[in-house]
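Asker: In this note's numbering, the protein residues as written are 5 to 287. Glycine residues also receive a C-beta, built at the ideal position from the N, C-alpha and C atoms. Source: prediction; values computed, not measured. Please find one structure pasted underneath; my questions will follow.
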């Protein structure tokens with residue numbers, strides 16, 4: 005019981021250390037845009053609270069966010085600056101249409117807090133309509149072919165290295181989950197017929213919404229394994245792996261993946277499998 009209390013206390017203390025308290029000043033907007041003043045301030049406060057920070061009404065707070073909204077033709081320029089004892093950090097972003105104001109506010113707040121650019125804070129679920137038109141956001145449900153190639157090391161099949169080729173089809177269910185169907189072929193180098201062929205259904209789980217994201221992958225299906233003595237076995241197969249997918253917001257992207265596959269059966273009293281790396285292109 006004592007250990008549980010210590011863990012809870014440590015979690016509470018660490019949360020409060022990471023959380024910062026901000027005063028949000030009234031936005032600076034032109035006379036013609038006064039109707040957006042309250043909305044802009046509310047969106048900034050909501051963004052801070054969503055990021056687990058505190059908001060105070062004390063204008064003497066050590067941390068302060070100031071903002072301005074400048075109309076430029078048919079667009080707006082949003083600028084947010086973080087004022088702290090160590091200095092001022094400012095970031096701005098164009099609002100092509102006012103309906104994107106909530107998305108842009110969240111991007112700019114994230115940028116000034118982390119001292120990054122708004123481009124670096126881009127996530128799949130924080131893309132403006134203008135960026136969608138520039139094809140920087142993938143469709144809600146992606147449908148992509150996948151082709152991959154790389155080396156594998158055969159396990160209990162008499163040969164250590166082989167070429168691996170994979171082809172399949174992927175559906176992006178949402179920003180965190182992909183469903184895929186694929187065929188995987190491995191053949192040993194040289195004249196040996198050792199290798200594995202797999203037909204699997206599986207999925208990928210992405211750990212965040214970033215453009216370049218780590219993922220875990222798992223598959224289940226049916227396959228065949230043959231050793232260097234031409235003895236073979238067919239049966240159920242499973243695979244586990246991990247990878248990194250790049251440029252997820254684009255219609256064409258690629259991943260680097262490592263995977264281990266095993267057959268639920270034995271070839272000459274040994275359980276066959278394979279472990280390898282591959283580069284996969286999605287299009």
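What beta strand (DSSP E) runs, 3 residues minimum, are completely inside the segment 71-103?
Answerer: 79-88 and 91-99
Asker: Cutting at 8 angstroms between CB atoms, please list the residues of its own chain near residue 164, excluding the five before and the five after it.
Answerer: 157 and 158
Asker: Would you list the one or two residues that DSSP bridges to residue 342?
Answerer: The chain is shown only over 5 to 287; residue 342 falls outside these bounds and no answer can be derived.
Asker: Going by C-alpha to C-alpha distance, which of 280, 226, 245 and 105 sits closest to residue 209?
Answerer: Checked all of 280, 226, 245 and 105; the closest Cα to residue 209 is 245.
Asker: Give the secondary structure of residue 274 by DSSP, where H, G and I count as helix, E and B as strand, and everything else as coil.
Answerer: strand
Asker: Output yes or no for whether 9 angstroms exceeds the beta carbon distance between residue 247 and residue 221.
Answerer: yes
Asker: Taking its Cβ as the centre, do 16 or more other Cβ atoms sit within 10 Å of residue 190, making it buried, or is it exposed?
Answerer: buried
Asker: What residue does the beta strand (DSSP E) around residue 293 start on, and which one ends it?
Answerer: Outside the displayed span of the chain (5 to 287) sits residue 293, for which this structure offers no information.
Asker: Could you have a look at residue 119 and say whether DSSP puts it in helix, strand or coil?
Answerer: In this structure, residue 119 counts as coil in the three-state DSSP scheme.
Asker: For residue 278, count neighbouring C-beta atoms within 10 Å of its own C-beta (all shown protein chains included) and say buried if the count is 16 or more, exposed if not.
Answerer: buried
Asker: Please return the same chain residues whose Cβ sits closer than 7 angstroms to the Cβ of residue 88, not counting the five positions on each side in sequence.
Answerer: 66 and 67
Asker: Could you tell me the distance, in whole angstroms, from the CA atom of residue 268 to the CA atom of residue 225?
Answerer: Computed Cα separation, rounded: 10 angstroms.
Asker: Go to residue 261, then tell me how far its beta strand (DSSP E) extends in each direction, as first and last residue.
Answerer: Start and end: 257-267.
Asker: Taking DSSP as the reference, what is the three-state secondary structure of residue 106?
Answerer: helix
Asker: Under the assumption that residue 57 contacts residue 95 (Cβ atoms under 8 angstroms), give the Cβ distance between them as a whole number of angstroms.
Answerer: Going by Cβ atoms, the distance from residue 57 to residue 95 rounds to 16 angstroms, so no, they are not a contact pair.
Asker: In the DSSP output, which residue or residues are listed as bridge partners for residue 319?
Answerer: The requested residue 319 does not occur in the structure, where the chain is confined to residues 5 to 287.
Asker: If you follow the beta strand (DSSP E) that residue 158 is part of, which residue opens it and which one closes it?
Answerer: Taken as a continuous stretch (DSSP letters only), the beta strand (DSSP E) holding residue 158 covers 146-159.
Asker: How should residue 15 be labelled, buried or exposed, when 16 other C-beta atoms within 10 angstroms of its C-beta is the threshold for buried?
Answerer: With a pLDDT of 47 at residue 15, under the threshold of 50, the modelled position of that residue is not reliable, and no figure is offered here.
Asker: Roughly how many whole angstroms lie between the Cα atoms of residue 151 and residue 60?
Answerer: 53 angstroms
Asker: Please confirm if the segment 211-220 is in contact with the segment 192-201, defined as three or more CB-CB distances below 8 angstroms between the two stretches.
Answerer: no
Asker: Compute the distance between the beta-carbons of residue 271 and residue 214, then report whether it is under 9 angstroms.
Answerer: no
Asker: Answer with buried or exposed for residue 238, where buried requires no fewer than 16 other C-beta atoms within 10 angstroms of its C-beta.
Answerer: exposed
Asker: Since residue 155 and residue 167 should fall inside the 8 angstroms C-beta cutoff, what is the C-beta to C-beta distance between them, to a whole number of angstroms?
Answerer: So it is a contact: roughly 7 angstroms between Cβ atoms.
Asker: Rounded to whole angstroms, what is the Cα-Cα separation between residue 180 and residue 32?
Answerer: 38 angstroms
Asker: Considering residue 51, what are the terminal residues of the alpha helix (DSSP H) in which it resides?
Answerer: 41-54
Asker: If you measure between the beta carbons of residue 117 and residue 45, is that distance less than 9 angstroms?
Answerer: Cβ distance not < 9 angstroms, so residue 117 and residue 45 don't count as in contact.
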